[in-house]
Structure formats: C-alpha cells, structure tokens
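> According to my numbering, the sequence shown is numbered sequentially starting from 1.
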Amino acid sequence: MKNKLFAALLLGITLSATSCATILTGTKDKITFNTTPEGAKVMHKGVEKCTTPCTAEIPRSLSKQMVTFEKEGFNSKEMKLTKSFNPVSLVNILLGGVIGVGIDAATGSLTKYSPKAYKVELEAK
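#1: Jot down the residue ranges of each uninterrupted beta strand (DSSP E) in the region 22 to 67, minimum 3 residues, whole runs only, in chain order.
#2: What separation, rounded to the nearest whole angstrom, lies between the Cα atoms of Pro115 and Val67?
#3: Give a yes or no on whether the C-beta atoms belonging to Asp29 and Tyr113 are separated by under 8 Å.
#4: Cβ of Gly73 within 8 Å of Cβ of Lys125?
#5: Which residues share a DSSP beta bridge with Lys119?
#6: Would you mind stating whether Glu70 and Ser63 have Cβ atoms separated by less than 8 Å?
#7: Hey, how far is the Cα of Asp104 from the Cα of Ser61?
#8: Cα-Cα, which of Ile31, Lys49 and Pro53 is closest to Pro37?
#9: When DSSP labels each residue in this structure, what does Leu110 get in the three-state scheme?
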C-alpha cells in the first residue's frame with residue numbers, strides 16, 4: 001500500500017513539473033514596437049496587432065516569426081523577430097523529462113523573444 005501511495009505521489013509531482021516553461025512564462029511575449037514616423041500598423045501573420053508606438057502580445061513559436069510594418073505613403077518593411085533560449089525550460093530537462101520538453105516545444109515556450117523592443121525607420125515611397 002505504501003509503495004502505491006509513494007508511486008502515485010511521485011507521478012503527481014512529475015506531472016505537475018512538466019511543461020514548466022509554459023506554465024511559468026506563458027506562451028506569448030509582450031513586445032514594444034516603435035517606428036519613424038509613428039502610426040504604422042504592426043502586422044503578424046496577416047493580422048493587425050497594433051499601431052505604433054505600441055506593445056503587442058506575440059505568440060512564441062519555434063518557427064521563424066516575422067512582423068510587417070505598414071503605413072500609407074511609405075514602403076512596407078518586414079522584420080524577423082529574434083529569439084533566445086528560455087532558461088526556465090531547463091527545469092523540464094531535470095524534472096519533466098520528455099513530456100515536459102515536448103509540451104514546451106509545442107507551445108514555443110522553449111524560446112523567448114529577445115529583444116522585447118524594436119525600432120524601425122520607414123522609407124517614403
């Protein structure tokens with residue numbers, strides 16, 4: 001009986017530790033965008049996120065993420081969002097194992113956007 005209780009407790013602790021980065025840091029980052037001139041639409045995957053100067057929540061992803069700045073009378077400018085390793089996901093390697101790392105990978109939480117602020121100069125047409 002004690003062995004079953006111990007096994008259940010150990011399983012519960014292990015499962016609660018999985019996907020640690022997803023739970024602790026979420027699946028989105030708040031990123032600040034500024035443009036010269038101000039008033040440009042910030043587009044991500046074809047969806048308007050905000051108008052500069054602004055801050056938008058961008059979902060994390062292991063794939064390349066691009067934003068486009070659009071303003072009437074100016075050339076659109078596309079920019080890649082840079083990412084770095086999310087150190088919180090190391091906890092999964094130690095405690096959560098393959099399941100936790102898999103969940104963090106699927107949600108994009110193995111990485112985080114860095115820097116959290118971008119400034120872009122738009123060129124007139």
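Beta carbons: idealized from backbone N, C-alpha and C, even for Gly. Values in this document were obtained by computation on a predicted structure and should not be read as measured data.
From the atom records:
#1: 28 to 36, 41 to 44, 47 to 51 and 54 to 59
#2: 14 Å
#3: yes
#4: yes
#5: Asn34
#6: no
#7: 10 Å
#8: Pro53
#9: coil
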